[in-house]
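Asks: Dropping the structure in here first, questions after.
In the numbering used here, the protein residues as written are 5 to 329.
Here you go:
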């Protein structure tokens, strides 16, 4: 049974993002309006072998719900065993990555490479579904390239193998993250299968979500890089879907204070030294969303302690208040 009811209203999913989708990101995303979030994609083989780094990626915040984990791999037995482990850890659903286009994944025949071996993909889904009682889904691309568009065939395989829903990133592997996105593929998939279909790709604004839903009939949307430094997009999407009215843009002070909260969470997760290093990129992401800031301040990438971050952002809050006075 799905942990979220996709038949009642369109749900908004926070995509699994490498180096981003830790619990501090997920906690803020859900508070801002995401209905469901995924931890970072992990290797099934790493989990079943109890690889320390893999296990660290599964850390959750107390009381976290509506949390899924995405696996990649090629061995049905390993993915099925990893799915069992994740179910026992308390995750609400498991997803199979059939869309990652990066070479270090596809070179191992994982991610989008599974779209070139459909019999193996079918064995993987079937093996996992038989071993767990929580939902199992797949996230895929439209195909490997323009000559091998396989999303309809893959969708039928997933449905027939017991998948609970499908997320389609409507680009091929070779298109990577090109500007063009084929939302008509999402519509065709929705018309071809009876299980829910989540649309992904090309979402930059809340209006994009409304348009995707209108054009494709998708049961939900999965949002990825557009939320980097801008978790408020989840709130804008949820408000527009629920009321049809736009949500006011988050102000500078809210953006700065949310950034500080995000950094504080990462420091709690990783420790101060490693946490600040990990936070430098998100400082830049948040900073670019502040009204009137056209360039990222290089000083943001030179901070070494939480106190420095807090001092810098506190000064930024005061500056915005003074400007508003």
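Glycine included, each C-beta is placed from N, C-alpha and C at the ideal position.
Values in this document were obtained by computation on a predicted structure and should not be read as measured data.
1. According to DSSP, which residues form a beta bridge with residue 74?
2. Taking its Cβ as the centre, do 16 or more other Cβ atoms sit within 10 Å of residue 206, making it buried, or is it exposed?
3. Determine, using beta carbons only, whether residue 82 and residue 48 come nearer to each other than 8 Å.
4. Check residue 243 in the structure and name its three-state DSSP category.
5. Please return the same chain residues whose Cβ sits closer than 6 Å to the Cβ of residue 236, not counting the five positions on each side in sequence.
6. Pop quiz: residue 271 and residue 244 are said to be a contact at Cβ under 8 Å. What is the actual Cβ separation, rounded to whole angstroms?
7. By alpha-carbon positions, which one of 175, 309, 59 ends up nearest to residue 275?
8. Excluding sequence positions up to five away, which residues of its chain have a Cβ less than 7 Å from the Cβ of residue 88?
9. By alpha-carbon positions, which one of 17, 209, 233, 167 ends up nearest to residue 70?
10. Starting from residue 170 and walking both ways along the alpha helix (DSSP H), at which residues does that stretch end?
11. Based on Cα-Cα distance, which residue from 208, 72, 192 lies nearest to residue 201?
12. Out of 42, 125, 119, 112, state which residue places its alpha-carbon closest to the alpha-carbon of residue 90.
13. Which residues in the same chain have their Cβ closer than 8 Å to the Cβ of residue 316, if we skip the five residues on either side of it in sequence?
14. In chain order, what are the residue ranges of uninterrupted beta strand (DSSP E) at least 3 long that sit wholly in the region 210-244?
15. Take residue 260 and list the residues in its own chain whose beta-carbon comes closer than 8 Å to its own, dropping the five residues that flank it on each side.
16. If you follow the beta strand (DSSP E) that residue 149 is in, where does it begin and where does it stop?
17. Could you spell out where the alpha helix (DSSP H) holding residue 196 opens and where it closes?
Replies: In short:
1. Here residue 74 refers to the residue found at position 70 when the chain shown is read from its first residue. Beta-bridge pairing links residue 74 to 99.
2. Taking the chain shown and counting its residues from 1, one reaches residue 206 at position 202. Counting Cβ neighbours within 10 Å, residue 206 comes out buried, since at least 16 surround it.
3. As a position in the chain shown, residue 82 is number 78, starting the count at 1. As a position in the chain shown, residue 48 is number 44, starting the count at 1. Taking C-beta atoms as the reference points, residue 82 and residue 48 count as a pair closer than 8 Å.
4. Sequence index remark: in the chain shown, residue 243 carries index 239 (1-based). Of the three classes helix, strand and coil, the one that applies to residue 243 here is helix, per DSSP.
5. As a first step, residue 236 must be located in the chain shown, where it is residue number 232. Closer than 6 Å at the Cβ level, and outside the excluded window around residue 236, lie 36, 254.
6. For the purposes of this step, residue 271 is taken as residue 267 along the chain shown, with counting starting at 1. For the purposes of this step, residue 244 is taken as residue 240 along the chain shown, with counting starting at 1. Separation of the CB atoms of residue 271 and residue 244 is rounded to 33 Å, and the pair is thereby denied contact status at 8 Å.
7. Along the chain shown, one-based indexing puts residue 275 at 271. Put simply, of 175, 309, 59 the residue whose alpha carbon is nearest the alpha carbon of residue 275 is 309.
8. Here residue 88 is taken as the residue at index 84 of the chain shown, counted from 1. Apart from sequence neighbours up to five positions away, the residues of its chain that approach residue 88 with a beta-carbon distance below 7 Å are 135, 136, ordered along the chain.
9. Against the chain shown, residue 70 aligns to sequence position 66. Residue nearest to residue 70 within the set 17, 209, 233, 167 is 17 (criterion: CA-CA distance).
10. Residue numbering aside, residue 170 sits at position 166 when the chain shown is read from its first letter. Judged by DSSP secondary structure, residue 170 falls outside any alpha helix (DSSP H) and instead within the beta strand (DSSP E) spanning 170-176.
11. For this step, residue 201 is matched to residue 197 along the chain shown. That would be 192, whose Cα lies nearest to the Cα of residue 201.
12. Translated into positions along the chain shown, residue 90 becomes position 86. When only C-alpha atoms are compared, the closest one is 42.
13. Numbered from its first residue, the chain shown carries residue 316 at position 312. 303, 304, 307, listed in sequence order.
14. Entirely contained in the region 210-244, the beta strand (DSSP E) runs reaching 3 residues are, in chain order, 224-227.
15. As a working mapping, residue 260 is identified with position 256 in the chain shown. Correct list, in chain order: 290, 294, 317, 320, 321, 324.
16. Looking up residue 149 in the chain shown gives position 145. First-last of the beta strand (DSSP E) with residue 149: 140-149.
17. Here the question's residue 196 lines up with position 192 in the chain shown. Per DSSP, the unbroken alpha helix (DSSP H) holding residue 196 starts and ends at 187-196.
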